[in-house]
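Residue numbering for the sequence shown follows the working numbering, starting at 1165 and increasing by one per position.
Each residue gets a CB set at the ideal place from its N, CA and C atoms; glycine is no exception.
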Amino acid sequence: MINFKKISRVLGILLIINGLFMLLCLPFSFIDERPDDEIALIISGGITLVVGLGGWRFSLKATHRDLKKRDGYLIVVGGWLLMSFFGSLPYLLSGAIPNYADAFFETVSGFTTTGATVLTNIEGVDRGILFWRSLTQWIGGMGIIVLAIAILPFLGIGGMQLFVAEAPGISPDKLQPRIKETAKRLWFIYLGLTILECVLLMLGGMSFYDAINHSLTTMATGGFSTKNASAAHFDSPYIQYVLIIFMFLAGTNFTINYFFVKGKFKKIWLNEEFRTYVFLTGIFVLIVSTTVYFVTDSGAERSFRDALFQVVSVITTTGFVSADFTSWAPFITILFFIFMFMGASAGSTAGGVKIVRHVILMKNSFLELKRQLHPSAVIPVRLNNKAVSQDITFNVLAFIFIYIIVFCIGSLILASMGLDFLTAIGAVATSLGNIGPGLGTVGPVDNFAHLPGAAKWVLSFLMLMGRLELFTFLILLSPYFWQK
């Protein structure tokens, strides 16, 4: 039986956290001396806090039964939808994005760390509103649900079911026996890397405001920038290399980052997904940088830097832009389209399919040939020298199959709305993979403002489906979920 009172309690807590984060943006609006935007943030934060407190108060007499799987799925999906609904208020009330479809799209793009935008003049928007825009990505990066896990035990609510539903990847890898301690350590690493990146960017000449915004969105693999030209605005090798390093770290399983902090370097390299991540990134950078060097008049260092930046940006689903990769060569455009279906590591803030799923898929495909020759043999897929259970293998196959089906259906829907083929498949691929820049008229130097409202609603829900790894979202549409 679904425990609606406890669900209401958790959602109320999430909205309270959301409202407090909105009010944190006020100092930047005060600096800009734009009273309308200050009032918009105060009202938005106030409404969100009041509704959140109402949901929390409503459930004060909730039963002490622990959360179950169904409760966890409802909280995760409901939490993301509610946060997106209330998170769009600052855009609407300030007038920065007066259309609700656009405001919801921008908010979902933030919380899902996609980075697709409808803003055509980012630098003209109030700094408090832009900081909220960056903050939505930072909140969504690790998942506000995981943040709540760290405090739920104090409120008498167990959080394991939330972690199972929210954690990106095949299965959650607990760093400590208690889920609360896991969440705390994840956020400690996340916060620490964000602060470190901010300091390094400031040392490279960035203002504190630009540095903190880009640090928030880099560690979230989100890609929102305070500049119209994104990272290309900062034509500094130092700044771009700093962004590359932290994009790569954000795309790494946070368990690996934890091992790095603890000095357990042997464990890092024994991780098969991490080795594949490093290897594929290196190979693709070599291919792209060589092509860019010969098809453009850029020098060797600039070709390498642009290639490295864009490959890491797309593979990690960050979406920062230092150059228009669609202008390099048709071969490169196709290659980057393939990148949109990769994703970085499971257990990172990146979106997409994730490398570990591709590894399991490839291993299982090759082993299937061997099974055809030895039909009686039991030949399991092995990852990190351990046998992968059939349940996980089937889960991976089902995930990738459904991912492709959703991509095809989404592309057909957008094409039926009048979008050209390249724009339709590019917009769906980048939204479902939570990347940001797409192809066609939503490419790296364009945005999503010109798309029809219906297309933005479709893409918003594709972003949510991608961020919640399909199953979490789609399971609520299944009749099996609602059966007793």
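**Study point:** 8 Å contact criterion, which residue 1627 and residue 1272 should meet: CB distance rounded
**Key:** 5 Å
Review point. Considering only residues of the stretch 1352-1394, which uninterrupted alpha helix (DSSP H) runs meet the minimum length of 4 residues and lie entirely inside it, listed in chain order?
Key: 1372-1383
Exercise for review: Take residue 1357 as the anchor and find which of 1407, 1369, 1397 and 1564 has the nearest alpha-carbon.
Suggested key: 1407
Review point. How would you write the range of the alpha helix (DSSP H) that residue 1600 sits in, first residue to last?
Key: No alpha helix (DSSP H) contains residue 1600, which DSSP labels as neither H nor E.
Practice item. To the nearest angstrom, report how far apart residue 1585 and residue 1644 are at their CA atoms. Key: 36 Å
Point to revise | Environment of residue 1433 [buried if 16+ CB atoms lie within 10 Å] | key: exposed
Point to revise | Span of the alpha helix (DSSP H), counted from its first residue to its last, around residue 1192 | key: 1190-1196
Review point. Does the count of Cβ pairs from the stretch 1236-1244 and the stretch 1632-1639 closer than 8 Å reach three?
Key: yes
Review point. How far does the alpha helix (DSSP H) with residue 1256 in it reach, from first residue to last?
Key: 1253-1258
Exercise for review: Please determine if the stretch 1214-1223 and the stretch 1167-1180 are in contact, where contact requires at least 3 C-beta pairs separated by less than 8 Å.
Suggested key: yes
Practice item. Please report the Cβ distance between residue 1387 and residue 1279, rounded to the nearest whole angstrom; I am assuming they are in contact, meaning their Cβ atoms lie under 8 Å. Key: 3 Å
Review point. Is the number of C-beta pairs between the stretch 1447-1458 and the stretch 1547-1566 that are closer than 8 Å three or more?
Key: no
Check your understanding: Closest to residue 1486 by CA distance: which of 1474, 1494, 1504 and 1495 is it?
Key -> 1474
Point to revise | Inter-residue Cα distance where the pair is residue 1254 and residue 1307 | key: 21 Å
Practice item. Please state whether DSSP places residue 1531 in a helix, a strand or coil. Key: helix
**Study point:** Extent of the continuous alpha helix (DSSP H) to which residue 1421 belongs
**Key:** 1418-1426
Review point. Taking DSSP as the reference, what is the three-state secondary structure of residue 1232?
Key: coil
Check your understanding: If you compare alpha carbons, which of 1501, 1392 and 1377 is closest to residue 1287?
Key -> 1392
Check your understanding: Hey, how far is the Cα of residue 1559 from the Cα of residue 1497?
Key -> 30 Å
Review point. Could you give the C-beta distance for residue 1631 and residue 1564, rounded to a whole number, given that I count them as a contact under 8 Å?
Key: The pair is not a contact, with the Cβ atoms about 17 Å apart (cut-off 8 Å).
Review point. Which whole-angstrom value is the C-beta distance of residue 1404 and residue 1398, which I expect to be below 8 Å?
Key: 7 Å
Review point. Using 8 Å as the threshold, is the stretch 1477-1495 in touch with the stretch 1343-1357, meaning 3 or more CB pairs across them?
Key: no
Practice item. Round the Cβ separation of residue 1193 and residue 1201 to the nearest angstrom and send it over; I've been treating them as touching at under 8 Å. Key: 5 Å
Check your understanding: Count the other CB atoms within 10 Å of the CB of residue 1370; is the residue buried (16 or more) or exposed (fewer)?
Key -> buried
Check your understanding: Are residue 1418 and residue 1512 closer than 8 Å when you measure CB to CB?
Key -> yes
**Study point:** Inter-residue spacing [alpha-carbon to alpha-carbon] between residue 1587 and residue 1428
**Key:** 45 Å
Point to revise | Given residue 1618 as reference, the closest of 1168, 1263 and 1206 once Cα atoms are compared | key: 1263
Review point. Which whole-angstrom value is the C-beta distance of residue 1483 and residue 1359, which I expect to be below 8 Å?
Key: Residue 1483 to residue 1359, Cβ: 22 Å. No contact.
Review point. According to DSSP, which residues form a beta bridge with residue 1547?
Key: 1550
Practice item. Pick helix, strand or coil for residue 1347, following the three-state DSSP scheme. Key: helix
Check your understanding: Is it buried or exposed for residue 1656, if we count other Cβ within 10 angstroms and need 16 for buried?
Key -> With the chain running from 1165 to 1648 in the structure shown, residue 1656 is simply not present.
**Study point:** Presumed contact (8 Å Cβ cut-off) between residue 1603 and residue 1582, rounded CB distance
**Key:** Not quite, the Cβ-Cβ distance comes to about 16 Å (not below 8 Å), so this is no contact.
Check your understanding: Can you tell which of 1284, 1384, 1536 and 1570 has the C-alpha that lies nearest to the C-alpha of residue 1615?
Key -> 1284
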